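Asks: Each residue of the sequence shown is one higher than the one before, starting from 1 at the first, in UniProt numbering.
For glycine and all other residues, C-beta sits at the position ideal for the given N, C-alpha and C.
These figures come from a predicted structure and were not determined experimentally.
Sharing a structure, written as structure tokens. Questions coming.
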Amino acid sequence: MVRSLRRSDADVWQAVRARNHDWLRPWDATVPPGAAPRPSSYRVVTRSLLRQAKDGLCLPFVVEVGGCFVGQVTVSNVARGSAQWGSIGYWVAADVAGRGVAPRAVAMVIDHCLGPVGLHRLEICVRPENTNSLRVVEKLGLEQVGYAPRFLHIDGAWRDHRIFAITAEEAPEGVVARLSAHQSHQ
């Protein structure tokens with residue numbers, strides 16, 4: 001299940017992140033030298049995400065399996081006007097990795113954004129070394145549209161990223177349906 005992030009998710013979010021620190025650290029954004037520090041608490045992070053959501057700039061979601069919090073999908077940098085696009089980031093706990101949770105959650109968010117939210121294009125940027133995330137975009141049938149050298153500060157350094165994108169025209173039946181079709185052919 002995918003649902004909106006809530007302030008009340010604080011304790012479980014912090015517990016899952018703490019348990020998965022080593023699993024997530026190589027892929028987590030970091031602050032480059034000289035930049036303002038990142039928010040240090042869930043409360044500050046959530047307040048910022050929910051404020052951005054209220055302003056239509058982001059859509060933060062929680063991923064649950066069997067009623068348990070196991071990850072997050074966030075659509076950020078939402079641009080309206082002539083662009084109608086956003087950027088998707090996600091993570092899941094190590095104990096659910098490889099079980100199809102991330103692809104299904106991301107597909108659900110894409111369908112929601114390209115449908116009711118009214119976005120036209122979504123991007124997912126992935127480090128070339130992140131084989132797990134590359135497998136997610138492969139399962140979803142997203143096309144690589146670019147390569148961005150030194151794109152984001154991740155795990156203490158500026159890291160290259162492959163850029164994948166999808167538009168509403170590319171998935172008229174939805175990405176969940178595309179994922180299901182992909183899984184039935186395996």
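So, under 8 Å CB-CB, V31 and P37 are touching, yes? Tell me the CB distance rounded to an integer number of Å.
Replies: On the sequence shown, residue 31 is found 31 positions in, with the first residue counted as 1. On the sequence shown, residue 37 is found 37 positions in, with the first residue counted as 1. Contact flag correct, Cβ pair sits at about 6 Å.
Asks: Exposed or buried, P60, counting other C-beta atoms within 10 Å across all chains shown (16 or more means buried)?
Replies: Position 60 of the sequence shown, counted from the start, is the residue given in the question as residue 60. Under this definition P60 is a buried residue.
Asks: Which of helix, strand or coil does DSSP assign to D160?
Replies: Here residue 160 corresponds to residue number 160 of the sequence shown, with the count starting at 1. Strand at D160.
Asks: I need the boundaries of the beta strand (DSSP E) containing L152, first residue and last residue.
Replies: For the purposes of this step, residue 152 is identified with residue 152 of the sequence shown, where counting begins at 1. First-last of the beta strand (DSSP E) with L152: 143-154.
Asks: First and last residue of the alpha helix (DSSP H) that includes residue 217?
Replies: Outside the shown range of the chain (1 to 186) lies residue 217, about which nothing can therefore be said.
Asks: Grab me the residues of A10's own chain with a C-beta within less than 8 Å of its C-beta, minus the 5 sequence neighbours each way, in chain order.
Replies: Within the sequence shown, numbered from 1, the residue matching residue 10 stands at position 10. Once the five neighbours on either side are set aside, the close Cβ partners of A10 are Y42, R43, T46.
Asks: Use the C-beta contact count for K54: other C-beta atoms within 10 angstroms, 16 or more gives buried, fewer gives exposed.
Replies: As a position in the sequence shown, residue 54 is number 54, starting the count at 1. Classification for K54: exposed.
Asks: Buried or exposed: H21, going by 16 or more other Cβ atoms within 10 Å of its Cβ?
Replies: On the sequence shown, position 21 is the one that residue 21 refers to. Answer is exposed; the Cβ neighbour count stays below 16.
Asks: By a C-beta neighbour count over all protein chains shown, 10 Å radius and 16 as the cutoff for buried, is A102 buried or exposed?
Replies: Taking the first residue of the sequence shown as 1, we reach residue 102 at position 102. Counting other Cβ atoms within 10 Å of its Cβ, A102 reaches 16 or more and is therefore classed as buried.
Asks: With DSSP as the reference, label T46 as helix, strand or coil.
Replies: In the sequence shown, residue 46 corresponds to position 46, counting from 1. In this structure, T46 counts as helix in the three-state DSSP scheme.
Asks: Please report the distance separating the alpha-carbon of Q14 from that of V70.
Replies: Counting from 1 along the sequence shown, the entry for residue 14 is found at position 14. Counting from 1 along the sequence shown, the entry for residue 70 is found at position 70. C-alpha separation (whole angstroms): 11 Å.
Asks: Return helix, strand or coil for R135, following the three-state DSSP convention.
Replies: Along the sequence shown, read from residue 1 onward, the residue named residue 135 stands at position 135. The answer is helix: DSSP assigns R135 an H, G or I state.
Asks: Over what stretch of residues does the alpha helix (DSSP H) that includes V106 continue unbroken?
Replies: Against the sequence shown, residue 106 aligns to sequence position 106. Counting along the chain, V106 sits inside the alpha helix (DSSP H) bounded by residues 101-114.
Asks: For L114 and A177, I'd like the C-alpha separation in whole angstroms.
Replies: As a first step, residue 114 is located in the sequence shown; it is residue number 114 there, counting from the start. As a first step, residue 177 is located in the sequence shown; it is residue number 177 there, counting from the start. About 14 Å.
Asks: Would you list the one or two residues that DSSP bridges to G86?
Replies: By 1-based counting over the sequence shown, the position of residue 86 is 86. Looking at the DSSP assignment, G86 forms a beta bridge with L122.
Asks: Give the range of the alpha helix (DSSP H) segment to which A29 is assigned.
Replies: Here residue 29 corresponds to residue number 29 of the sequence shown, with the count starting at 1. It is not in any alpha helix (DSSP H) - A29 carries neither H nor E in the DSSP assignment.
Asks: Grouping DSSP H, G and I as helix and E and B as strand, with all else coil, what is A15?
Replies: To locate residue 15, count along the sequence shown from 1; it is residue 15. Looking at A15 - three-state DSSP - the assignment turns out to be helix.
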